[in-house]
Amino acid sequence: MRIIVFGGDGFCGWPTSLHLASLGNEIFIADNLSRRQIDLEMGTKSLVPIADIYERVDTANGFNLNIKYENIDVTNFDVVLEYIKNVRPDCIIHFAEQRSAPYSMLGNNESCYTVNNNVTGTHNLLRAISQTDKNIHLVHLGTMGVYGYDDKYGKIPDGYLDVTIDQTNESLEIIFPPDPGSIYHLTKVLDQQMFAFYNKNWGMKITDLHQGIVWGIQTKQTILHKNLYNRFDYDGEYGTVLNRFISQAIIGHPLTVYGTGGQSRAFININDTCNAIELAIKNPPEKNSRVRIMNQISEVYNVISLAKMVSKEFNVEINFLDNPRKE
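Take a look at the structure:
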């Protein structure tokens, strides 16, 4: 298939692009390299050096992977529309969103950038598909964070909740009531509403994959050459708690756990992310069916369990600190 990967230079987008290319698909990466720019602005960088995007693509094609790259800003509608018209993809994968919850809460600039990039970008893709070819399958990487962390609705289903309306005694399905915990998660909730709107009015084929925290960096393709390596973030904004623990352990620093460490989160390995995208593409939803929402997790851990796991593996202490969010 011909597949456009918006955000294909990012942490999830790059290994997914390689994986899909290895299956014989023709991959078109569209990315404005904003994640690299954020590194420059924040004075941070991946612990694992990552190659220039053109070196990445050239190296990948040297392994008979059919990948093309173009610098495209997903918030520029005219450019996005023209690109989709020219490529005529069978499928579009949407990774082109600012993905860090902590970054989205840093300040006004970061919050506004997150909303402007994520919401406008998603709407641009939907609008462009509706004007080009409504049979294009849009696959979006969502997050389990849209559900929040309250169990008052019971076990979390795949996106939809069965309810009964008291006034009419009518039973129906609704999108699971969202409870975002950050500006980033709020944009993912708005994504859901836009997907439902365009699906209802234009019958578009949309798959929304709500994944847990993605961990790991290497796949069968990224380990082929140093220019294909994926990024490893360990800073306070983009580094996951697991990455931070591993980085602390390697240098012999006590693992820092804030509060009791009882917060539980869902996790999924980067290889499973790639496989989930592959399965979604191979099995598109039926035309005129509702938006397909699927939860993608492999394991659930709380912070203290991760700390104990890393502590045992690297023989380092755990340092409990006061929760800075506690009033």
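The numbering of the sequence shown is this note's numbering, which starts it at 57 and goes up by one. We put the beta carbon where it would ideally sit given N, CA and C, even for glycine.
inquiry  = Within a Cβ cutoff of 8 Å, which residues of the same chain sit near Phe151, ignoring the five residues on either side of it in sequence?
reply    = In the sequence shown, residue 151 corresponds to position 95, counting from 1. Answer for Phe151: Val61, Phe62, Gly63, Gly64, Gly66, Cys68, Gly69, Thr72 and Leu197, listed in chain order.
task = Write down every uninterrupted run of the beta strand (DSSP E) in the stretch 65-96 whose length is 3 residues or greater and which is fully enclosed by it, in chain order.
result = 82-86
message = Check whether the stretch 188-195 and the stretch 140-148 are in contact - that is, three or more C-beta pairs closer than 8 Å.
response = yes
query = Of the residues Ser354, Leu96, Asp218 and Leu103, which one's Cα is nearest the Cα of Ile306?
reply = In the sequence shown, residue 306 corresponds to position 250, counting from 1. Ranking Ser354, Leu96, Asp218 and Leu103 by Cα distance to Ile306 puts Leu103 first.
key: Closest Cα partner of Glu153 within the set Gly315, Ile273, Leu242 and Lys282   = Working through the sequence shown from its first residue, we reach residue 153 at position 97. Cα-wise, what sits closest to Glu153 is Leu242.
message = For Phe288 and Asp108, what's the separation of their Cα atoms in angstroms?
response = Position 232 of the sequence shown, counted from the first residue, corresponds to residue 288. Position 52 of the sequence shown, counted from the first residue, corresponds to residue 108. Using only the alpha carbons, I get a separation of about 15 Å.
inquiry  = Let's test the definition: count the other Cβ atoms within 10 Å of the Cβ of Glu383 and tell me whether it reaches 16, buried, or not, exposed.
reply    = As a first step, residue 383 is located in the sequence shown; it is residue number 327 there, counting from the start. Summary for Glu383: the model assigns pLDDT 46, below 50, so the residue's position carries little reliability, and this model does not support an answer.
query = Just how far apart, CA to CA, sit Leu246 and Ser354?
reply = In the sequence shown, residue 246 corresponds to position 190, counting from 1. In the sequence shown, residue 354 corresponds to position 298, counting from 1. Approximately 25 Å, taken between the alpha carbons.
message = DSSP three-state label for Pro232, please.
response = On the sequence shown, residue 232 is found 176 positions in, with the first residue counted as 1. Per the sequence shown, the amino acid found at residue 232 is Phe instead of Pro. In this structure, Phe232 counts as coil in the three-state DSSP scheme.
message = Taking 8 Å as the cut-off, does the stretch 246-259 touch the stretch 342-351 (at least 3 CB pairs, one atom from each stretch)?
response = yes
inquiry  = Suppose contacts are defined by Cβ-Cβ distances below 9 Å. Is Tyr290 in contact with Ser156 by that definition?
reply    = Along the sequence shown, read from residue 1 onward, the residue named residue 290 stands at position 234. Along the sequence shown, read from residue 1 onward, the residue named residue 156 stands at position 100. Not closer than 9 Å, so no.
inquiry  = Bridge partners for Asn375 per DSSP, in chain order?
reply    = Here residue 375 refers to the residue found at position 319 of the sequence shown. Per DSSP, Thr312.
query = Quick one: what's Gly198 bridged to in DSSP?
reply = As a position in the sequence shown, residue 198 is number 142, starting the count at 1. His266, per the DSSP bridge assignment.
task = Could you check what DSSP says for Asp134 in three-state terms: helix, strand or coil?
result = Numbered from 1 along the sequence shown, position 78 holds the residue referred to as residue 134. Asp134: helix per DSSP, three-state reduction.
task = Write down every uninterrupted run of the beta strand (DSSP E) in the stretch 311-376 whose length is 3 residues or greater and which is fully enclosed by it, in chain order.
result = 311-314, 320-325, 348-352 and 355-358
query = Tell me which same chain residues have a C-beta within less than 6 Å of the C-beta of Lys244, skipping the five on either side of it?
reply = Position 188 of the sequence shown holds residue 244. Hits under 6 Å: Gly198, Thr199 and Val202.
inquiry  = Between which two residues does the alpha helix (DSSP H) holding Leu242 run?
reply    = Locating residue 242 in the sequence shown gives position 186, where the first residue counts as 1. Segment Ile239 to Trp258, the alpha helix (DSSP H) holding Leu242.
ask   = alpha helix (DSSP H) containing Ile185: first to last residue?
value = What you label residue 185 is simply residue 129 of the sequence shown in a count that begins at 1. Start and end: Asn164 to Thr188.
query = Where does Lys141 sit, in a helix, a strand or coil, going by DSSP?
reply = For the purposes of this step, residue 141 is taken as residue 85 along the sequence shown, with counting starting at 1. Reduced to three states, the DSSP call for Lys141 is helix.
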